[in-house]
Amino acid sequence: MQKTYYGTMPDGTAVYCCTLKNPRATARILTYGGILTDFTVDGHGVVLGYDTLEDYLADTSSYLGSLVGRYANRIAKGRFTLNGVTYQLACNDGANHLHGGTVGYNRRVWETEDGSDDFLTLTLDSPDGEEGYPGHARIRVTYRLCGNALAIDYTATTDADTPLNLTNHSYFNLKGPGESILDCKARIASERVSHPDAGLIPDGTYIPTRGTQFDFTVPKEIGAGWENGFNGYDHNFVLSPGAPEQICGYSLPVVAEVTSDKLKLTVYTDQKHLQFYIGTMFTGAPALRGGVAKAPYTGFCMEAQEEPDSPNHGKAILKAGDTYRQTTVYRVDTL
Numbered sequence: 177m178q179k180t181y182y183g184t185m186p187d188g189t190a191v192y193c194c195t196l197k198n199p200r201a202t203a204r205i206l207t208y209g210g211i212l213t214d215f216t217v218d219g220h221g222v223v224l225g226y227d228t229l230e231d232y233l234a235d236t237s238s239y240l241g242s243l244v245g246r247y248a249n250r251i252a253k254g255r256f257t258l259n260g261v262t263y264q265l266a267c268n269d270g271a272n273h274l275h276g277g278t279v280g281y282n283r284r285v286w287e288t289e290d291g292s293d294d295f296l297t298l299t300l301d302s303p304d305g306e307e308g309y310p311g312h313a314r315i316r317v318t319y320r321l322c323g324n325a326l327a328i329d330y331t332a333t334t335d336a337d338t339p340l341n342l343t344n345h346s347y348f349n350l351k352g353p354g355e356s357i358l359d360c361k362a363r364i365a366s367e368r369v370s371h372p373d374a375g376l377i378p379d380g381t382y383i384p385t386r387g388t389q390f391d392f393t394v395p396k397e398i399g400a401g402w403e404n405g406f407n408g409y410d411h412n413f414v415l416s417p418g419a420p421e422q423i424c425g426y427s428l429p430v431v432a433e434v435t436s437d438k439l440k441l442t443v444y445t446d447q448k449h450l451q452f453y454i455g456t457m458f459t460g461a462p463a464l465r466g467g468v469a470k471a472p473y474t475g476f477c478m479e480a481q482e483e484p485d486s487p488n489h490g491k492a493i494l495k496a497g498d499t500y501r502q503t504t505v506y507r508v509d510t511l
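With the sequence shown counted from 1, adding 176 to any position gets you this note's numbering.
Spelled out as C-alpha cells, the structure:
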C-alpha cells in the first residue's frame, strides 16, 4: 500500500491518501472521512472526488465518497429513546438528524491499522456522548481491492447499547464527471419502497414498486417514467435479492446494477435496505476534481444500510458486547 501525505487538518493532524492497486483497478482512500476519492477500473474513473483536502473540508453537505455514521441516513427530530432514556442529537437536516450529525464519521480522521497492495484497514474511536450518542463505539472498516471489484467490510463494537448504521456515500458516474446519469439504466432488486414524509422520514407505509416510477425490477433509464412532479430519487428501497454469489471471497447477493454505454456497476450486499440517491441537491462550491462543476443528476449513490429512523422503531441498535457486521461490494465491468 502506498501512503502519501495529503494535507493537514486545522488542528494540525496530518491526512494521508492510501493507494490500493492491481493490474485492473486502483482505489485511493483518504484517512480523512475514510473517503474513497478515486476508484478506477480498466482506465475508467467511476467515483466523483475533489482535488484537495481543503475542498473536502469546505463541503459540509455532500458527504462525497465518505464513510458515514454513527447512524447513516435520518433520525426523525434528532431524537430517540433507548432503554428508557431519551437522547437528543443535532438536527443538521432541517428538523432531522442526518449521517451522524454536525461532526459525523465523515469529518473525522481515521487511523490506518493495516494495509497492503490490495487492502486497507481503517479504525475510528467514537467516544461515549459523541454527537449525543450513548456508548463508546470502536469502528473498523476494510477496503479490499479484488480484480475489478472493491469490497467494503465494516465491523463495530460498543460498551453500551447504541444506534449504529454505517455506509459509504460515494457518488458514481459511469459516463464521466459532469455528465448526466439520467439515461443510465438501473436495476434494483426491490418490490417496495419506504413511503417518506416531507422530511424524507418513512411514515410506516410502503409503496409497491411494480408499475410505478420506483419499478427497477427490470432495467430502465433512471430518468424514465417520472410522474406527478416527481424530481428524483432519494428513497429507501427494501431489498428482495436472489441467491448469493461468490465475490471477493464473500457470499453475497446482487442487489443493484447500473449500466452506461461503456460500463456496468454491480452492487452486492448483506444489508436489507438500499438508499438510492441521484444527487438532486448536488450543487455549489467547491468544484469537483479538475474544476468540473457540481450539478444535479451527475452522480448517484447506492448506500447499503438500515432503514431511515429505525432507532425510533426499536431497530438498528447495537447491543453492548455484540459486533456489528456489514459487507458491500462494488464491481465495475467494461462493456
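Every residue, glycine too, gets a C-beta built ideally from N, C-alpha and C.
Cross-strand partners of residue i (DSSP beta bridge)
i, result
"Pro395", "Paired residues: none, contrary to the question."
"Met478", "Phe452"
"Leu494", "Thr338"
"Glu307", "Looking at the DSSP assignment, Glu307 forms no beta bridge with any residue, so it has no partner."
"Glu421", "Leu428"
"Gln389", "Gln389 is not bridged to any residue."
"Leu243", "Asn344"
"Leu296", "Gly291 and Tyr319"
"Phe256", "Tyr263"
Helix, strand or coil at residue i according to DSSP, with G and I counted as helix
i, result
"Lys351", "coil"
"Arg501", "strand"
"Ser366", "strand"
"Asn249", "coil"
"Gly221", "strand"
"Asn488", "helix"
"Tyr192", "strand"
"Gly183", "strand"
"Arg314", "strand"
"Tyr281", "helix"
"Gly380", "strand"
"Arg204", "strand"
Alpha helix (DSSP H) segment containing residue i, residue limits
i, result
"Glu230", "Leu229 to Ala234"
Buried versus exposed call for residue i [16 or more other C-beta atoms within 10 Å across all chains shown]
i, result
"Gly497", "exposed"
"Lys491", "exposed"
"Asn259", "exposed"
"Leu199", "It should be pointed out that residue 199 corresponds to Pro in this sequence rather than to Leu. Burial call: exposed."
"Thr381", "exposed"
"Ser237", "exposed"
"Val394", "exposed"
"Asp214", "buried"
"Phe406", "exposed"
"Ser366", "buried"
"Asp329", "buried"
Extent of the continuous beta strand (DSSP E) to which residue i belongs
i, result
"Lys470", "Here Lys470 belongs to no beta strand (DSSP E), and DSSP marks it neither H nor E."
"Val434", "Val430 to Thr435"
"Gly291", "Glu287 to Gly291"
"Asp373", "Premise fails: Asp373 is in no beta strand (DSSP E) and is neither H nor E."
"Phe458", "Looking at the DSSP string, Phe458 is not in any beta strand (DSSP E), and its letter there is neither H nor E."
Presumed contact (8 Å Cβ cut-off) between residue i and residue j, rounded CB distance
i, j, result
"Leu464", "Gly291", "At roughly 27 Å, the Cβ-Cβ gap does not stay under 8 Å, so Leu464 and Gly291 are not in contact."
"Thr338", "Leu243", "About 17 Å separates the two Cβ atoms, so there is no contact after all."
"Leu206", "Tyr182", "6 Å"
"Cys194", "Met177", "6 Å"
"Pro484", "Ile364", "Contact doesn't hold; Cβ gap of about 17 Å is too wide."
"Leu511", "Leu439", "6 Å"
The ligand PLP heavy atom lying under 7 Å from the CB of residue i
i, result
"Pro353", "Annotation note on the ligand PLP: not contained in the displayed structure, which lists no ligands."
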